[in-house]
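Numbering-wise, my numbering puts 396 at position 391 of the sequence shown, and it's gapless, one number per residue.
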Amino acid sequence: MLTEPNQVIVLAVLEYGELPELLRVAETAGAALQCRAAFFFVKRGYRRLAQDTAAVTAAGFLWMDAEGRLHDVAAPPRQEPEAPLRPVDHAGSDLTSVLPAKTAGRSVLGRSAAVILLPLFSLGSLARSCAVALRQLARDLANCRRDMVRFRQRYRELHAVLAEIQPRLLIVGQDSLGGELSFLLIAAGRLGIPRLVTPFAMFSLQETAEYAGANAAHDATAGAVNKLVANTFPHWVLSYGGKNLLRLPGYRALALEMTGLIEGLPWSALSEPVEAIAAGSEVAVEALIALGSQRSALRVIGSPIQDRLANMLANRAALRSRLGHEFGLDPEKPLIVCGWPVNMFAWLAGRPVDYADYPSVATAWAQALAEVRDQHGVNVIVSVHPKTLPSEIAEAERVGLPCRGTGADELIAAADLFTTLNGSSITAWAIACGVPVVLFDCFLTRYHDFLSVPGCLNVETEAAFRAALRDLSRNGEARAALAAHQREVAGQWGNLDGHAGTRLAALVRQLAAGAQP
């Protein structure tokens with residue numbers, strides 16, 4: 006056996022965007038408890054298993070496959086298809102005022118009522134369109150039955166893994182409603198294993214609602230099962246855009262409720278019960294409280310990435326010189342860093358925008374950035390999200406913009422100006438560093454968290470975007486003024502005192518000792 010029971014920390018990974026920060030968390034937590042860290046890749050068919058387990062083992066950690074088997078050697082490479090991009094990592098929205106009740110009100114009576122009332126809701130649908138309703142009802146009931154079996158089986162498997170390993174602490178980056186991370190958190194709670202969430206991203210209720218609104222299966226009025234869930238379990242319903250929406254399709258929501266494999270609130274990020282959530286900033290705490298996270302569990306700790314940013318800012322001249330050497334750029338010139346826009350067309354739900362397709366969006370961004378580089382003597386580096394497809398940065402590469410898929414924190418610390426789509430966790434890093442920001446919201450998402458930040462300039466048209474880039478590229482005083490405004494609020498977005506790791510280590514020791522953090 007690679008490790009003895011109760012001598013390991015388990016860090017569960019669902020998607021590869023979580024891994025970089027979890028690696029840094031593992032280093033701090035492992036040192037604090039003087040025990041090994043094991044990365045549990047909980048999703049069967051995890052896309053980058055070879056690459057990410059190589060990173061884990063190179064850092065000296067163990068890893069676990071989806072069945073819970075421990076390994077100390079990276080997984081072998083395999084041929085994997087390219088998955089389509091899904092937008093991630095955007096800030097919270099002002100939809101919190103219409104969140105369902107904070108208390109779910111689950112009970113045995115509610116589950117019994119669901120069974121008893123099903124025929125009544127079924128008859129109502131059948132009366133309107135008997136044949137169609139009957140087919141949909143049969144399909145939804147079959148899906149519900151399948152999900153109940155699947156959820157119970159996966160929960161039992163994960164429970165058994167934790168029971169055997171008996172980790173001193175379970176750490177996750179999110180809670181993934183109806184998925185492995187949520188089931189792991191529930192199992193850990195029932196086994197008495199302390200749970201810590203270190204959020205890997207900023208979470209958006211608006212983005213989630215828009216995705217649900219674009220999917221007919223989330224319509225609370227569509228079919229007997231959806232209506233049943235909406236009426237029996239109203240905490241699954243959110244009113245948005247003139248529609249009543251379910252967080253998941255009704256059959257899946259019903260399966261989770263009937264199996265008891267949901268303890269949090271469907272529309273609330275990080276609402277599964279845990280002992281602690283290590284928030285990165287005061288702003289993050291307030292946003293998570295508004296979204297329904299447990300106030301008592303939230304702690305303003307910071308994150309290892311903030312310690313890295315603090316160190317890089319202290320050595321910024323050397324960092325800029327190194328980046329200049331890497332990309333063949335003059336480090337004395339102003340540096341614009343662009344967080345390349347993600348493809349959000351699948352999430353628009355019919356909302357009209359100025360661009361017909363993603364290639365036209367990419368062309369607009371590439372041309373605007375190339376223009377200020379060529380006409381105003383600035384450097385431009387594109388920071389590429391790991392989920393971005395090679396075809397989606399082809400236009401940036403065609404006009405000669407250097408692209409980098411790693412080290413976004415280095416680029417932010419070195420930047421004189423940051424620009425991206427509509428705000429993200431990387432935008433929060435820029436604010437914490439006092440770097441001015443231009444947000445070109447070409448998809449008209451209007452996520453509100455960054456709209457009131459004094460050092461963030463928000464624009465919605467290509468003309469305004471180009472004008473903002475031109476002005477801030479050629480006018481050092483305007484850029485400095487925007488940076489000064491950013492520094493006014495920087496501390497609220499991240500404490501770059503270099504001691505986040507110390508605070509995290511103290512929290513980890515408290516949790517492992519069973520003390521109230």
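Beta carbons are placed, not taken as given, at the ideal position from N, Cα and C, and that holds for glycine.
Check your understanding: Shortest alpha-carbon distance to residue 506 belongs to which of 435, 32 and 349?
Key -> Restricting attention to 435, 32 and 349, the CA atom closest to the CA of residue 506 is found in 32.
Exercise for review: Please specify which runs of the alpha helix (DSSP H), each continuous and at least 4 residues long, are wholly inside the segment 439-521, giving them in chain order.
Suggested key: Runs found: 467-479, 481-498 and 505-517.
Check your understanding: Which residue or residues does DSSP assign as beta-bridge partners of residue 281?
Key -> According to DSSP, residue 281 bridges with 201.
Check your understanding: Once you ignore the five residues that flank residue 510 on each side, which residues in its own chain have a CB closer than 6 Å to its CB?
Key -> Same-chain partners within the cutoff: 33 and 37.
Check your understanding: In the structure shown, what three-state DSSP assignment does residue 51 receive?
Key -> Coil.
Point to revise | Segment contact flag, the segment 366-381 with the segment 449-456, C-beta cutoff 8 Å, min 3 pairs | key: Note that the segment 366-381 does not touch the segment 449-456; fewer than 3 beta-carbon pairs, one per stretch, sit closer than 8 Å.
Practice item. Please confirm if the segment 489-504 is in contact with the segment 276-294, defined as three or more CB-CB distances below 8 Å between the two stretches. Key: Between the segment 489-504 and the segment 276-294 there are three or more C-beta pairs closer than 8 Å, enough to call the two in contact.
Check your understanding: Which residues in the same chain have their Cβ closer than 8 Å to the Cβ of residue 12, if we skip the five residues on either side of it in sequence?
Key -> Contacts found: 40, 41 and 173.
Check your understanding: Count the other CB atoms within 10 Å of the CB of residue 540; is the residue buried (16 or more) or exposed (fewer)?
Key -> Residue 540 cannot be examined here, being either before or after the span of the chain that is shown, 6 to 522.
Practice item. Would you decide whether residue 482 is buried or exposed? Buried here means 16 or more other CB atoms lie within 10 Å of its CB. Key: Answer is exposed; the Cβ neighbour count stays below 16.
Check your understanding: Along the chain, where does the beta strand (DSSP E) that runs through residue 248 open and close?
Key -> For residue 248, the enclosing beta strand (DSSP E) starts and ends at 248-251.
Practice item. For the alpha helix (DSSP H) containing residue 213, list its first residue and its last residue. Key: Looking at the DSSP string, the run of the alpha helix (DSSP H) that includes residue 213 is 210-218.
Check your understanding: Does residue 427 have its Cβ less than 8 Å from a Cβ in chain C?
Key -> Judged by its chain identifiers, the structure shown contains no chain C, having just a single protein chain.
Point to revise | Every unbroken alpha helix (DSSP H) inside the segment 251-320 [4 residues or more] | key: Fully enclosed alpha helix (DSSP H) runs of 4 or longer: 255-264, 287-295 and 309-319.
Exercise for review: Measure the C-alpha to C-alpha separation of residue 342 and residue 150 and round it to an integer number of angstroms.
Suggested key: Annotation: residue 342 to residue 150 spans about 49 Å, alpha carbon to alpha carbon.
Point to revise | Straight-line gap, residue 290 to residue 303 (C-alpha atoms, nearest Å) | key: Looking at the two C-alpha atoms, the distance is approximately 7 Å.
Exercise for review: Count the CB pairs spanning the segment 273-280 and the segment 173-187 that are closer than 8 Å, and state whether there are at least three.
Suggested key: They touch, by the three-pair rule.
Review point. Can we count residue 125 as close to the ligand NAP, meaning its CB is less than 7 Å from some heavy atom?
Key: The model on display carries no ligand, and the ligand NAP is accordingly not part of it.
Exercise for review: With DSSP as the reference, label residue 83 as helix, strand or coil.
Suggested key: Coil, per DSSP.
Check your understanding: What's the C-alpha gap between residue 441 and residue 317?
Key -> Annotation: residue 441 to residue 317 spans about 17 Å, alpha carbon to alpha carbon.
Exercise for review: Please name the residue, chosen from 406, 196, 119 and 311, that lies closest to residue 205 on a Cα-to-Cα basis.
Suggested key: Cα-wise, what sits closest to residue 205 is 311.
Practice item. Compute the Euclidean distance between the alpha carbons of residue 119 and residue 233, then round it to the nearest angstrom. Key: Taking the Cα positions, residue 119 is about 7 Å away from residue 233.
Point to revise | Buried versus exposed, by CB contacts within 10 Å (16 or more), residue 430 | key: Residue 430 counts as buried, since no fewer than 16 other beta carbons sit within 10 angstroms of its beta carbon.
Point to revise | Under the three-state DSSP convention, the category residue 429 falls into | key: Three-state result, residue 429: coil.
Exercise for review: Kindly indicate the opening and closing residues of the alpha helix (DSSP H) around residue 370.
Suggested key: Counting along the chain, residue 370 sits inside the alpha helix (DSSP H) bounded by residues 363-381.
Practice item. Would you identify the three-state DSSP class for residue 330, choosing helix, strand or coil? Key: Per DSSP, reduced to three states, the secondary structure at residue 330 is helical.
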